Amino acid sequence: MARELTDRWMGSDPTWPGSGGGTVVGGSSGRYWAITQPPWGLARQPAVVPCKTSGPHAKPCSPLPTGGWLPSVTSLASETIRRRLREVPDSPGVYLLRDTGGQVIYVGKALRLRDRLRAYFTAGYGQTARTAELVQRVYDFEFVKTANEVEALVLECNLIKHYRPRFNIRLKDDKNYLYLKLPVTEEYPRVHYARRILDDGALYFGPYTSAQSLRSTVKSIRQLLPFRTCSEDIFKQHKVCLDFHIRRCPGPCEGRISGEDYGARMREVALFMEGRSDVLTKQLRQRMNLAADALDFENAARYRDQLMAIEKIADRQKVLTHSRDDHDMIAYAREGRDVYIEVAYIRQGKMVGHDGHALEGAGEAPEAELLRGFLLLYYGSATHIPRSVLLPGAVEEPELMADWLSQRRGRPVSLEVPVRGRKRALVQQLAGTAQDELRQLRIQADYDRSRTEPMLTALASALELDEPPHRIECYDISNIQGESAVGAMVVFEDGRPRNDHYRSFRIRYTPGPNDFAMIQEVLRRRFERLENAQRREDSTEVGDRSFSSRPDLILIDGGRGQLNAAMEVLEDLGFADIPTFGLAKEREELFAADRAEPIIQEHNSPGMFLVQRVRDEAHRFAITHHRKTRSRKALSSPLDSVEGIGPARKRRLLRTFGSLQAIREASVQELVGAGIPERVAVRLRELL
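Going left to right, the sequence shown walks through residues -13 to 674 as the working numbering numbers them.
Structure representation (structure tokens):
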């Protein structure tokens, strides 16, 4: 029964009303996992039940379900824990550990869930300082059963990426890295950048941590093998652009190249991106010879130039092994709690590139655990997995990791630890590169810390805070007489901008120029998300990493009026305990709700400098999004407000009738003749 309930809640039952309402994080064999709050009122699913036993929004917890995901309870008695542990199955699965605040602090996998979870609630568990600290913070748990251990490994990988738990090894600044996307299913594929891999039949290359490096690579490829990068709208104009004239595009929009030849070009691009230059040069040499035999000397010369350029690039690639196999080589450097990992890509015996990653959460983790954590995260999103991976040491669960990699690749993958010879020397050389990179990162981190720590300390002293704020959020409103109004939220952590946590809000419910009401709308929407996240109803929506984080300090761009308006919302939602201040622009005065007089600081004081920097960044971010909103509105058409008229039909109408006035004068029959459904044509006539 528990398996059935879990399967339904996981989404394998298409009749379940909530099966498409969450964030899908993994699946195989027809089963998918979605992190979501199921629709309330369904009796048959083991829902994640919102609980809160204190504060103005207290509510009792619902009865415990019998399997699947268990609710987070903020007042667990030891007997309740023991009862819940008895319900945990003795099967493979994934478990999530939470602290008293409901935050996921660790995601793990186990062959026997019951034994592993019991260990966390057994006195004396924890063999290392890192494990002991984790155990000390554990307050609640959840689990998901899986069919086997490999399936559990897949889910573990996706949940770590989703939650970024504090005690898991994770990639630092793990934003969505860039991929190069090649939609091979199209007749004339457009090569472009992507942040996510979709199941759309396209080829993806990456991930690339450096956008600049990827763009430089694409620029080099276009010089050798020109291809289109224009959008579909531009392509459908059927006119060549500047790229054609400077020989960066073969001009498929005007039919300057056949679909067959363009497809061959894209296969060459794919070979180049895979590092298989030997196959590419062999193909180009064959085409050059065929063109020369056919007396097509123009194309023969073009193939010759491409061949020479590719061979020149291949000659610059360092020959590392006499083997012609493909490998990835991994090495790392470690200083204290800082870890930096280098990955070198060996293709056909040559190093075609390398990439580096700083790790978080490694702490005192042993080498085997560290390597397992990195392999899980890195190859969980990699688009190309070689036949073998060279490691500096043994990895945890080597057979399971090799099985998982083989499953992802579709062919066998081996994990090797060279102990002598050329391969061992190469791994050690790569470790030296990682050591140099780590040293540079530590120098930069020390420099940043030396600048920000005095500012945070001075700010805490000036505002009489208990300790320097780790997370500062600042809010600003931008509008022109209430039009195109937007709110902005910027985040600084440890004195530095956290750009991936910035959020913008389109003002929806406040008519007219009312800054006070607008700031209230923004804060209500933001802190309702925080409240819901704490109640575990909303913690997995897009943007949860920012909205589910509680700020240590709130800054409002405005004076006493804006501050008072903000405090009304914070008091209503139960967040009035967060230190909140308003910053007036005219005299750069700070206002506090509990102080009659403003806080006046020297303009050149470190604390004031940080406050001004945060406020200016919020203003910049708000202005930028206001301008974008205003531009979109200025470029909008009355056709955009007609239900059933999208971009394609709008273009068709304008091509057919030539102008908006002509569309207004057209009859329903004429609109239908232009390819518009009759009901949409009637609605269009009524609105225009």
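Ideal Cβ placement from N, Cα and C applies to all residues, glycine included. This structure is a prediction, so every number in the text was calculated from the model and none was measured.
> In chain order, what residues of the same chain have a beta carbon less than 8 Å from the beta carbon of Pro663, not counting five sequence neighbours either side?
Replying inline: Gly630
> Which of the three DSSP states, helix, strand or coil, is assigned to Tyr289?
Replying inline: helix
> Is there contact here, the segment 286 to 296 with the segment 391 to 403, by at least three beta-carbon pairs under 8 Å?
Replying inline: With the cut-off at 8 Å, the segment 286 to 296 and the segment 391 to 403 do not touch.
>> Quick check on Pro51: buried or exposed, where buried means 16 or more other Cβ atoms within 10 Å of its Cβ?
In response: Low local confidence applies: a pLDDT of 33 at Pro51 is under 50, so the model's placement there is unreliable, with the coordinate-based value given in what follows. Pro51 should be labelled buried.
> What's the gap between the Cα of Gly568 and the Cα of Arg181?
Replying inline: Rounded to the nearest angstrom, the two C-alpha atoms are 37 Å apart.
> From Ile466 to Arg116, what distance separates their C-alpha atoms?
Replying inline: Using only the alpha carbons, I get a separation of about 53 Å.
> Thinking just about the alpha-carbon of each residue, which of Ala431, Asp247, Ser535 and Arg242 is nearest to the one in Glu517?
Replying inline: Ser535
>> Bridge partners for Asp543 per DSSP, in chain order?
In response: Leu569
> Which residues in the same chain as Leu362 place their Cβ atom closer than 6 Å to its Cβ, once the five residues preceding and following it in sequence are excluded?
Replying inline: Cys143
> Whose C-beta lies closer than 7 Å to the C-beta of Gly27 among residues of the same chain, with five residues either side of it excluded?
Replying inline: Its pLDDT being 27, under 50, Gly27 is placed unreliably by the model, and the measurement read from it follows with that caveat. Around Gly27: no qualifying Cβ.
> Taking one C-beta from the segment 454 to 461 and one from the segment 355 to 370 each time, how about it: are there three or more such pairs within less than 8 Å?
Replying inline: no
>> For Lys336 and Tyr190, what's the separation of their Cα atoms in angstroms?
In response: 22 Å
> Nearest to Phe561 by CA position, among Arg512, Arg425, Arg320 and Arg616, is which residue?
Replying inline: Arg512
>> Using only the alpha-carbon positions, how far apart do Phe502 and Arg494 sit?
In response: 14 Å
>> For Asp76 and Ala188, what's the separation of their Cα atoms in angstroms?
In response: 40 Å
> What are the uninterrupted segments assigned as alpha helix (DSSP H) that are 4 or more residues long and contained completely in the segment 306 to 371, given in chain order?
Replying inline: 353 to 365
> Quick one: what does DSSP say Val654 is sitting in, helix, strand or coil?
Replying inline: helix
> What are the uninterrupted segments assigned as alpha helix (DSSP H) that are 4 or more residues long and contained completely in the segment 545 to 614, given in chain order?
Replying inline: Taking only runs of at least 4 residues, the alpha helix (DSSP H) segments lying wholly in the segment 545 to 614 are 546 to 559.
> Identify the residues that DSSP records as bridge partners of Glu459: which are they?
Replying inline: Val477 and Ile540
>> Can you find the residues in the same chain that come closer than 7 Å, C-beta to C-beta, to Ala444, ignoring five residues on each side of it along the sequence?
In response: Ser591, Pro592 and Gly593
> Are Glu603 and Phe478 closer than 9 Å when you measure CB to CB?
Replying inline: yes
>> On the DSSP letters alone, give me the boundaries of the alpha helix (DSSP H) that Phe213 sits inside.
In response: Phe213 -> no alpha helix (DSSP H), and no H or E assigned at all.
>> For Arg271, which residues in the same chain have their Cβ closer than 7 Å to its Cβ, ignoring the five residues on either side in sequence?
In response: Closer than 7 Å at Cβ, skipping near neighbours: Leu293.
>> Can you look up Tyr165 in the DSSP assignment and give me helix, strand or coil?
In response: Three-state DSSP puts Tyr165 in a strand.
>> Within the continuous beta strand (DSSP E) that includes His224, where are the two ends?
In response: Looking at the DSSP string, His224 is not in any beta strand (DSSP E), and its letter there is neither H nor E.
> Are Leu168 and Met252 touching if we call contact CB-CB under 9 Å?
Replying inline: yes
>> Rounded to the nearest angstrom, what separates Gly192 and Leu673 at their Cα positions?
In response: Cα-Cα distance, rounded: 48 Å.
> Exposed or buried, Lys225, counting other C-beta atoms within 10 Å across all chains shown (16 or more means buried)?
Replying inline: exposed
> The alpha helix (DSSP H) spanning Gly94 covers which residue range?
Replying inline: Looking at the DSSP string, Gly94 is not in any alpha helix (DSSP H); the run it does join, the beta strand (DSSP E), is Val90 to Ala96.
> Is it true that the CB of Val170 sits closer than 9 Å to the CB of Phe213?
Replying inline: no
> Thinking C-alpha only, which one of Glu574, Ala582, Tyr174 and Leu377 is nearest Ala250?
Replying inline: Tyr174
> Which word fits Gln647, buried or exposed, when buried means at least 16 other C-beta atoms lie within 10 angstroms of its C-beta?
Replying inline: exposed
> Considering Tyr194, what are the terminal residues of the beta strand (DSSP E) in which it resides?
Replying inline: Counting along the chain, the unbroken beta strand (DSSP E) around Tyr194 starts and ends at Leu189 to Tyr194.
>> Going residue by residue through the segment 118 to 154, where are the continuous beta strand (DSSP E) segments of at least 3 residues, counting only ones entirely within it?
In response: 126 to 131
> So Tyr720 packs on Leu97, CB below 8 Å; how close in whole Å?
Replying inline: Within the shown structure, residues of the chain are numbered from -13 to 674, placing residue 720 beyond reach of any answer.
> Which residues mark the beginning and the end of the beta strand (DSSP E) in which Gly79 is found?
Replying inline: Gly79 to Arg84
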